[in-house]
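K.L.:
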C-alpha cells in the first residue's frame, strides 16, 4: 500500500505528548516517526541509552511511552535490548508468551558513535532481531554540547570551542552507517525528516520488519547545540540532504541504494549558514573552512555514488 | 537418592545451571570462570538445555543482556571473575536498583594491578556496596548448593545475587560431590513468575527511570529494606533445601565454637585449612574454634556478633585489602557488629592470601597462638595485620 502521511498520523501515538524535550528538537520527531512504522497490532519494547531523550521521556513516575520500555545505562542500549530479545525468543519457544513483540533501541550519537559503539557492534554481529536507531544530533547535547566523534569538522562545541587559535572541531565526522554496514547486517540506512516523512517511515518499516539486526541513522538536529530557531528544523534537514552533507541511502543485504538524489546539489554554505555552531566560518578570512567543508562533502558524495551504482 | 560424583567447582556450577535450565545466559570468557560458560555451551550444543545463550563481546554487555532478559521476564544467569566483574561495576548498581533477580557465579580472583589470575576476594568485596546479595563457599558442594538456593533467594527478594567461590582452589579443584536429581532441582526452583515484566501481555512496563531527588532516596531505602528482608528469606530457603537434601546451611558455620576461647572468622576455601589447624590445636587441648561466613550480603550483624562473643579474642581474616588504613572489609563490618555488646572479644584483622598467596595450617596455628597471647596479656596490639607477606619491613 502506498505511503499516505494522513493515514499514518491517524494511528495511535506511541510516544505521548507532555514529555520534556525542547521545542524544535529532532529526537522526539525521530522516535514518533520510527514508532509510527510499527503495525498497530504489534507490541514493542523500546530501549534507550542515557540521553536527552531518556531523561525527558521517562522521569519517574511518568513515562511517555505507550509500549514497554527499558533504560539501564549510557553505553549499553544495544546489549540491554539483546537480552530482552533473547528472553522473547526463549519465552516464546517455551510457550510463556503469545504476542508479537518488536525491539527498538534509541541512542544519541554520544551513546552510539562513541561510548556505545562496542555494545552496538556486538549486538549487530550477533544479529539479534532488533532495530537500533541512532538519533544523531552531532554532539553530547544532554551534558551541554560537548563534541563527539559525530560532530562535523569546524563545528563549535564546548570541548572543541572556537578560539583565537582554534577553528572549532579539528576532525571529520565518523561514518557510522558505513561501519554498521561493514557488519553485513541485513539492513542499514541513513535518513532524516524531509517532506512528508516517507523516507523515514519506509526505512523504519523495513528495519522493524526485516529479520535480524537492523540499523537506522537519523539526523536529528538540536536547536540548542546547532543554534537555530525551533521552527527551522524541517528546513535544516532538507538543506542537509540537498547539500549532500547527509545523504539518504540504504544498504539492504549488501546492496547500496541512494534513496534521494537532489535535483541540484546545493552549496554547503546554505546548510551551514542556518546554524550558530558554524557562524565563525563566515567571518572574513575563514573562507578556507567553507572551501574545505565543500571539498570534503564532494569527495564523500562521489564515494557514495560509486557504492550505489 | 543423591548422585555421588566428582567434579570441579566450575563444573558443579555449570551442572546446577543445567539442572535449573534458565531462560537466558549472557557470558564472556575470563579466567578462572570461563569453564562455566564452556560447560554450559556444551550442554546447549548437545540439546541438554534450551537456554538462550548470548556470547557477548564484554562483561559489560553480559550484565546488560542479563538485565534486559530479567526485566523482560526471563530467569537470567551469568558467570565472571575479577576484571570482568569490575567491568560490570556500573551495571551492578543498576541491576540492584531495578530490582532484577539475576544469579551470577563469581569465581573470585584478584583484581589487576598488577595482573594476577589467582584467588583472592578483592573482586566481589569491591562490589560489596552495589546492592547485590553475596554468598561464599568453602567447597564444591557448597557452591553447587548455594547456586541452587541462590536462584530462589534472588527471585524472592527481587535482588541480584553473587554466588562466590575461590578461583582455582575450588573452581578447578576436583572433589567428591552429592548432586541432586534433575527433577528435584527443577521442582525446588520452580518456574520464574515475576509480577511485572516487559513482555507481559496485559500491561506495558517501564524500567530504569530518571529518578530525581524527590524519588531517588525512597528507591534506595526500599533497596536497603529488601536487603534486610533477605535475612528470613535466606533462612527459609535453607530450610527448604535441608528438607530436600539433609544438608544444613546458615548465615555462617560454627566449627568447634561451643567451648572455644579464641576463634577465626573467615570466608571461603581457606576455612578448610583453618579447620585443620583447629583439629590439631584441639588435639593439644587448646580450646579454639572457627566461624566460616557464608552470607556476606546481607551482613548477619546480630547473629555473627553473638557467635563471636562466645570467645575472648577473634582473628578476622580478609582475603582483600581495602586500603582504608583500618583493615579489610570483613574486619570492619564484623568488628563494627561487636560495638554495642558489653562482653565483646578482642578483634584483630589479618590480611592474607592476596593474589593467590598460599596460607598454610602453620599460618593458622601461628594466628591462634597470637590470639592466646592477646587474651593472656589483655592487649590486642596493632589490630591491622598481615600474614604471609615476605617483605621483611612488614613482618
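Chains as they are written, first to last, in my numbering: chain A, 930 to 1238; chain B, 3 to 397. Beta carbons are placed, not taken as given, at the ideal position from N, Cα and C, and that holds for glycine. The structure displayed is predicted, hence computed values, not measured ones.
#1: Using a cut-off of 9 Å between C-beta atoms, extract the partners of residue 60 (chain B) located in chain A.
#2: For residue 239 (chain B), which of helix, strand or coil comes out of DSSP?
#3: At the 8 Å Cβ level, is residue 54 (chain B) part of the contact set with chain A, yes or no?
#4: In the DSSP assignment, find the alpha helix (DSSP H) that holds residue 1226 (chain A) and state where it starts and stops.
#5: What distance in whole Å lies between the Cβ atoms of residue 138 (chain B) and residue 159 (chain B), which are believed to be in contact at a cut-off of 8 Å?
#6: I need the boundaries of the beta strand (DSSP E) containing residue 28 (chain B), first residue and last residue.
#7: Classify residue 341 (chain B): buried if its beta carbon has 16 or more other beta carbons within 10 angstroms, exposed otherwise.
#8: What's the C-alpha gap between residue 1 (chain B) and residue 1006 (chain A)?
#9: Any Cβ of chain A within less than 8 Å of the Cβ of residue 257 (chain B)?
#10: Below 8 Å on C-beta distance, what does residue 206 (chain B) contact in chain A?
#11: If you reduce the DSSP assignment to three classes, tell me which class residue 1204 (chain A) lands in.
#12: Which whole runs of the alpha helix (DSSP H) in the stretch 13 to 64 of chain B are 4 residues long or more, in chain order?
#13: Report the partner residues of residue 199 (chain B) according to the DSSP bridge assignment.
#14: Within 8 Å of any Cβ in chain A, is that where the Cβ of residue 157 (chain B) sits?
#15: Buried or exposed for residue 1057 (chain A), please, with buried defined as at least 16 other CB atoms from any protein chain shown within 10 angstroms of its CB.
#16: Enumerated in chain order, which unbroken segments of the beta strand (DSSP E) with a length of 3 residues or greater are wholly contained in the stretch 1097 to 1185 of chain A?
#17: Considering residue 79 (chain B), what are the terminal residues of the beta strand (DSSP E) in which it resides?
#18: Check the Cβ of residue 45 (chain B) against every Cβ in chain A and list those closer than 7 Å, keeping chain order.
#19: Just tell me which of B:107, B:6 and B:203 has its CA closest to the CA of residue 972 (chain A).
#20: I'd like to know whether the C-beta atoms of residue 1254 (chain A) and residue 945 (chain A) end up nearer to each other than 8 Å.
#21: How far does the alpha helix (DSSP H) with residue 1022 (chain A) in it extend, from its first residue to its last?
#22: How far does the beta strand (DSSP E) with residue 256 (chain B) in it reach, from first residue to last?
#23: Here's a check: name, in chain order, each residue in its chain whose Cβ is nearer than 6 Å to the Cβ of residue 243 (chain B), leaving out the five neighbours to either side.
#24: Helix, strand or coil: which one does DSSP assign to residue 370 (chain B)?
#25: Please classify residue 44 (chain B): is it buried, with 16 or more other beta-carbons within 10 angstroms of its beta-carbon, or exposed?
#26: Any Cβ of chain B within less than 8 Å of the Cβ of residue 987 (chain A)?
#27: Using a Cβ-Cβ distance cut-off of 8 Å, determine whether residue 201 (chain B) contacts chain A.
#28: At a CB-CB cut-off below 7 Å, which residues of chain B make contact with residue 1137 (chain A)?
#29: Kindly list, in the order they appear in chain B, the residues whose Cβ is closer than 9 Å to that of residue 1055 (chain A).
#30: Measure the beta-carbon distance from residue 358 (chain B) to residue 12 (chain B) and round it to whole angstroms, keeping in mind my assumption that it falls under 8 Å.
#31: May I ask you to report which of helix, strand or coil DSSP gives residue 1209 (chain A)?
#32: Going by DSSP in three states, residue 304 (chain B) sits in which element: helix, strand or coil?
#33: Could you tell me which chain A residues have their CB closer than 8 Å to the CB of residue 133 (chain B), listed as they occur along the chain?
#34: Could you name the residues of the stretch 1015 to 1036 of chain A whose beta carbon sits closer than 8 Å to any beta carbon of chain B, in the order they occur along the chain?
#35: Suppose you measure from the CA of residue 154 (chain B) to the CA of residue 87 (chain B); what does that come to, to the nearest Å?
#36: Kindly indicate which residue of A:1085, A:1000 and A:1050 has the alpha-carbon position closest to the one of residue 1113 (chain A).
P.N.:
So, from the listed chains and residues:
#1: For the purposes of this step, residue 60 (chain B) is taken as the residue at position 58 of the second chain. Residues of chain A passing the Cβ test: 1008, 1047, 1048 and 1051.
#2: Numbered from 1 along the second chain, position 237 holds the residue referred to as residue 239 (chain B). Three-state result, residue 239 (chain B): helix.
#3: In the second chain, residue 54 (chain B) corresponds to position 52, counting from 1. For residue 54 (chain B), the answer is yes, since a Cβ of chain A falls inside 8 Å of its Cβ.
#4: Reading the first chain from its first residue, position 297 is the one you call residue 1226 (chain A). Where residue 1226 (chain A) is concerned, the enclosing alpha helix (DSSP H) stretches over 1216 to 1237.
#5: Against the second chain, residue 159 (chain B) aligns to sequence position 157. Against the second chain, residue 138 (chain B) aligns to sequence position 136. Going by Cβ atoms, the distance from residue 159 (chain B) to residue 138 (chain B) rounds to 17 Å, so no, they are not a contact pair.
#6: In the second chain, residue 28 (chain B) corresponds to position 26, counting from 1. Unbroken beta strand (DSSP E) run through residue 28 (chain B): 26 to 29.
#7: Residue numbering aside, residue 341 (chain B) sits at position 339 when the second chain is read from its first letter. So residue 341 (chain B) ends up on the exposed side.
#8: Any answer about residue 1 (chain B) is impossible in this case: the structure gives chain B only from 3 up to 397.
#9: Indexing the second chain from 1 puts residue 257 (chain B) at position 255. Judged by the 8 Å Cβ criterion, residue 257 (chain B) is not in contact with chain A.
#10: What you label residue 206 (chain B) is simply residue 204 of the second chain in a count that begins at 1. 972, 994, 995, 996, 997 and 998, listed in chain order.
#11: Counting from 1 along the first chain, the entry for residue 1204 (chain A) is found at position 275. DSSP places residue 1204 (chain A) in coil when its eight states are reduced to three.
#12: 37 to 47
#13: Taking the first residue of the second chain as position 1, residue 199 (chain B) is located at position 197. According to DSSP, which records beta bridges pairwise, residue 199 (chain B) is partnered with nothing at all.
#14: Here residue 157 (chain B) is taken as the residue at index 155 of the second chain, counted from 1. So, not an interface residue.
#15: Working through the first chain from its first residue, we reach residue 1057 (chain A) at position 128. Residue 1057 (chain A) should be labelled buried.
#16: 1116 to 1120, 1142 to 1148 and 1178 to 1181
#17: Numbered from its first residue, the second chain carries residue 79 (chain B) at position 77. Its beta strand (DSSP E) spans residues 78 to 82.
#18: As a working note, residue 45 (chain B) is residue 43 in the second chain. Under the 7 Å cutoff, chain A gives no residues; its nearest Cβ is about 15 Å from residue 45 (chain B).
#19: Position 43 of the first chain, counted from the start, is the residue given in the question as residue 972 (chain A). The candidate whose alpha carbon is nearest that of residue 972 (chain A) is B:203.
#20: There is no way to answer for residue 1254 (chain A), as the model of chain A reaches only from 930 to 1238.
#21: As a first step, residue 1022 (chain A) must be located in the first chain, where it is residue number 93. Run containing residue 1022 (chain A): 1006 to 1022, per the alpha helix (DSSP H) assignment.
#22: Working through the second chain from its first residue, we reach residue 256 (chain B) at position 254. 254 to 257 is the extent of the beta strand (DSSP E) around residue 256 (chain B).
#23: Taking the second chain and counting its residues from 1, the one referred to as residue 243 (chain B) is at position 241. Correct list, in chain order: 151.
#24: The residue you call residue 370 (chain B) lines up with position 368 of the second chain. Correct three-state label for residue 370 (chain B): helix.
#25: Residue numbering aside, residue 44 (chain B) sits at position 42 when the second chain is read from its first letter. With fewer than 16 Cβ atoms within 10 Å of its Cβ, residue 44 (chain B) is classed as exposed.
#26: In the first chain, counting from the first residue as 1, residue 987 (chain A) sits at position 58. Taking Cβ atoms only, chain B reaches closer than 8 Å to residue 987 (chain A), which makes this a yes.
#27: Within the second chain, the letter at position 199 stands for residue 201 (chain B). It does: the Cβ of residue 201 (chain B) has a partner Cβ on chain A nearer than 8 Å.
#28: One-based indexing of the first chain puts residue 1137 (chain A) at position 208. Those do not exist, as residue 1137 (chain A) stays about 17 Å from chain B at its closest Cβ, beyond 7 Å.
#29: The residue labelled residue 1055 (chain A) in the question sits at position 126 within the first chain. Within chain B, the residues near residue 1055 (chain A) are 56, 57, 58 and 59.
#30: Against the second chain, residue 358 (chain B) aligns to sequence position 356. Against the second chain, residue 12 (chain B) aligns to sequence position 10. With a Cβ gap of about 17 Å, residue 358 (chain B) and residue 12 (chain B) do not count as contacting.
#31: Here residue 1209 (chain A) refers to the residue found at position 280 of the first chain. Three-state DSSP puts residue 1209 (chain A) in a helix.
#32: Walking along the second chain from the start, residue 304 (chain B) turns up at place 302. In the structure shown, residue 304 (chain B) sits in a helix (DSSP, three-state: H, G or I).
#33: Start at 1 with the first residue of the second chain, and residue 133 (chain B) comes out as number 131. Near residue 133 (chain B) there are no residues of chain A at all, since even the closest Cβ is about 14 Å away, more than 8 Å.
#34: 1015, 1016, 1017, 1018, 1019, 1020, 1022, 1023, 1025, 1026, 1027, 1028 and 1030
#35: Working through the second chain from its first residue, we reach residue 154 (chain B) at position 152. Working through the second chain from its first residue, we reach residue 87 (chain B) at position 85. C-alpha separation (whole angstroms): 22 Å.
#36: Locating residue 1113 (chain A) in the first chain gives position 184, where the first residue counts as 1. It is A:1050 whose Cα lies nearest to the Cα of residue 1113 (chain A).
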